[in-house]
Each structure stands twice: as C-alpha cells, then as structure tokens.
Amino acid sequence: MITDRIDSVTLVGDAYRSPVCPAPKSVKIEVSPRCNYRCGFCALRMRESQPREDMDFDLFARITTEMKEAGVEEIGVFYLGESFMNVPLLVDCIRHCKDIGIPYVFLTTNGSLTTPKAMKAVFKAGLDSLKFSVNASDAEQFERVMGVKAKWFDKAVYNLQQDRAVRDEVRSKCGIYASSIMYDGEQQERMERFLASSIRPFVDQHYWLPLYSMGSVAVARERELGYRPTAGNQGRLGAMREPLPCWSAFTEGHVRADGGLSLCCFDADGRFVVGDLTKQSFMEAWNSPAFQEVRAAHLRKDVTGTVCESCVAYQ
C-alpha cells in the first residue's frame with residue numbers, strides 16, 4: 348500500500364546517515380510550478396509572484412535518465428505545484444519514465460482538474476499511483492482555506508469519484524489514494540463523516556497527515572486559520588519521524604521546475620537549492636559541497652548557521 352512506500356522513504360537508514368549519500372530511492376520533480384488553488388497553509392503562498400514556466404521536457408528526460416542509471420526507483424511527477432495544470436506535459440513525463448524503466452511513478456493532486464479525459468491519458472501513460480489531497484469537509488470550509496470558489500470543491504469530489512471507473516475502463520493497475528490533514532474536535536468529526544460518505548468508498552487507501560509547518564513559511568496564515576502545525580515534515584501520522592536529521596535532505600530528491608535541486612520538500616522560493624541540474628548531473632548536485640554541509644549539520648543535530656536554521660522544526 349501507499350503508506351508502506353511513504354514509510355520506507357521517510358526512514359533514514361544507516362546507508363544514508365552520511366554527508367555523502369547514495370542515490371535516493373525517490374525523487375519528486377515539479378512538472379508544473381503553477382497551481383489553481385490558494386491554500387492558506389501551502390508553501391506556495393510565500394512566492395511574491397507565481398511562476399508561469401513549466402519544466403522543459405528535454406531537461407526532465409535527461410535528469411530522469413540519470414536518476415534511473417544512479418538507482419532511483421520512484422519518480423513523483425509533482426513537487427509543489429499542480430501537475431494537471433499541463434496535462435500534455437504530464438502525460439509525456441509519465442510515459443518517458445515508464446519507457447526508461449522507472450518501476451514506480453506517482454502523483455499527488457488537488458483533484459480539481461482530474462477530469463475523466465485527463466485521467467484516461469494519464470492512466471494509459473502508465474501512472475502507478477494517484478493520491479488526492481482532501482483537506483476540507485464541505486464547500487464553505489474549502490472556500491475559506493483553499494482560497495478559491497466553492498465550485499472547485501464539488502469538481503474535485505466528482506472527479507475523485509469518477510476516476511476509479513475510468514481506471515477500470517482503461518484496465519490500469521494504478522492505485523488511487525487520498526490523504527487528509529488531521530484536525531481537532533468538531534472539525535475532525537465533520538471530516539470523518541465526509542470521508543466515510545464521499546471519499547473512502549472510492550479510493551484504495553486513505554491516511555492522515557499532520558499539518559506540516561512547511562519550513563515556517565506559512566505559520567502566520569496557519570495561525571489565522573486556526574491550524575496547529577507540526578515541526579517540519581515528520582511524515583504521516585502513525586509513522587512520525589524525528590525532525591533531525593530531516594529525511595527530506597537524505598532519502599528523497601526534490602527538483603524545481605527551473606532545474607534547481609532542493610534539499611527541502613517545501614522549497615517554494617529557491618532558498619534551499621543546492622544544485623543546478625541545467626548545469627550539473629543529478630548525482631553531482633545530490634552530493635554537492637553545499638548539500639554535504641547541510642547534511643553534516645543535520646547529523647550533528649545542530650543546524651545553526653545553515654539555511655535550515657529558520658525552519659520551525661528547530662526553533
């Protein structure tokens with residue numbers, strides 16, 4: 348199941364407890380940095396202006412081929428943006444990954460653009476895992492938290508419910524999953540009722556996440572909305588990891604649409620970039636001097652003086 352894969356990536360095993368690391372098992376690549384939502388808790392909100400340029404396919408093809416040769420087994424065709432903003436590019440990227448022999452290609456989406464037509468193309472391209480982020484129990488809360496009109500809530504729910512039938516129609520083996528932020532009190536009860544009636548019957552597995560701090564970039568907005576963020580990205584509820592060393596810098600790669608290799612899973616503005624894949628090979632950037640320096644600090648459990656110092660996880 349999807350949680351087994353997540354837990355495998357977030358566990359920093361002995362082989363990775365070094366400033367110089369082997370190729371990560373998993374890499375997320377930002378096919379599109381754009382998003383049609385404006386979620387109050389998302390790291391994308393710290394961007395002064397939203398980018399317009401999606402990833403160049405030739406760059407994607409080169410770096411994923413390098414990743415395959417280095418031993419990467421899982422490619423996420425998303426990072427911070429919503430990849431369904433560019434369905435033709437998304438389909439080409441999935442197909443390329445399967446053509447070069449990547450065993451597992453996965454994707455997380457807000458669901459609003461996963462129309463049956465789009466999903467037919469994505470399933471046929473060979474996607475192995477599709478996960479929906481479901482973080483509102485009704486249209487009113489959706490509009491308040493996601494920052495867009497309530498009609499998108501109904502679209503996302505409808506699409507999610509249709510996609511299993513589309514999967515069966517094209518005979519895809521893709522897993523369909525959903526995750527949700529764990530709330531408190533009455534809101535959690537509302538989420539449970541909504542999930543039981545409208546989400547869980549249509550997915551293969553649902554799991555819970557804490558509200559990530561996203562490197563402290565959205566803390567003010569989180570407080571305004573009444574959320575209680577956890578420290579950094581400690582994985583999923585049920586298999587939480589210690590903040591230091593942060594698994595994000597050791598066991599999973601994160602590539603921005605502009606080719607920057609980031610050490611952080613929430614790098615919306617490029618402050619955590621430690622390599623430039625338009626100029627470097629993947630493994631050269633993965634073990635760049637800048638990356639090694641930060642990893643060494645994480646292993647000492649003292650990130651003072653590094654770019655990670657400002658993360659709420661270490662305050």
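Residue 348 is where the sequence shown starts when you use our numbering, and the numbers rise one by one after that. A virtual CB, placed ideally from N, CA and C, is assigned to each residue, including glycine.
Could you say which of Met-466, Lys-496, Ala-543 lies nearest to Val-513 if we only look at CA atoms? Of the listed residues, the one whose Cα sits closest to Val-513 is Met-466.
Are the beta-carbon atoms belonging to Val-550 and Ile-523 less than 7 angstroms from one another? yes
Mapping the DSSP letters down to three states, classify Leu-474 as helix, strand or coil. Coil.
Tell me, please, which residues DSSP counts as bridged to Ile-447. In DSSP, Ile-447 forms no bridge with anything.
Buried/exposed call for Ser-544, threshold 16 Cβ in 10 Å: exposed
First through last residue of the beta strand (DSSP E) which encompasses Gln-552: 552-556
Contact under 7 angstroms by Cβ, Leu-507 with Leu-477: no
By the three-class DSSP mapping on this structure, what secondary structure does Ser-560 have? Any answer about Ser-560 is weak, because its pLDDT of 46 lies below 50 and its placement is not dependable; what the coordinates show is given next. Three-state DSSP puts Ser-560 in coil, outside helix and strand.
Could you check what DSSP says for Lys-375 in three-state terms: helix, strand or coil? strand
Within the continuous alpha helix (DSSP H) that includes Ser-544, where are the two ends? From DSSP, Ser-544 is part of no alpha helix (DSSP H); its letter is neither H nor E.
With H, G and I counted as helix, E and B as strand and the rest as coil, what does DSSP make of Phe-619? coil
What's the call for Ala-362, buried or exposed, on a 16-neighbour Cβ count within 10 Å? exposed
Inter-residue spacing [alpha-carbon to alpha-carbon] between Phe-613 and Ser-595: 9 angstroms
Let me make sure I understand the geometry here. Which of Ile-546, Glu-377, Ser-430 has the alpha-carbon closest to that of Val-469? Ser-430
Given Thr-653, which residues of its chain have a CB within under 8 angstroms of its CB, disregarding the five upstream and five downstream residues? Spatial neighbours of Thr-653 in its own chain (CB-CB distance under 8 angstroms, excluding positions within 5 residues in sequence) are listed in chain order as Glu-640, Val-641, Ala-644.
So, using beta-carbon positions, are Arg-381 and Gly-428 closer together than 7 angstroms? yes
Gly-607 by DSSP, collapsed to three states: which one? In the three-state DSSP reduction, Gly-607 falls in the strand class (E or B).
Ignore the nearest five residues each way along the sequence and tell me which others in Phe-629's own chain have a CB closer than 7 angstroms to its CB. Ile-410, Glu-413, Met-414, Ala-417
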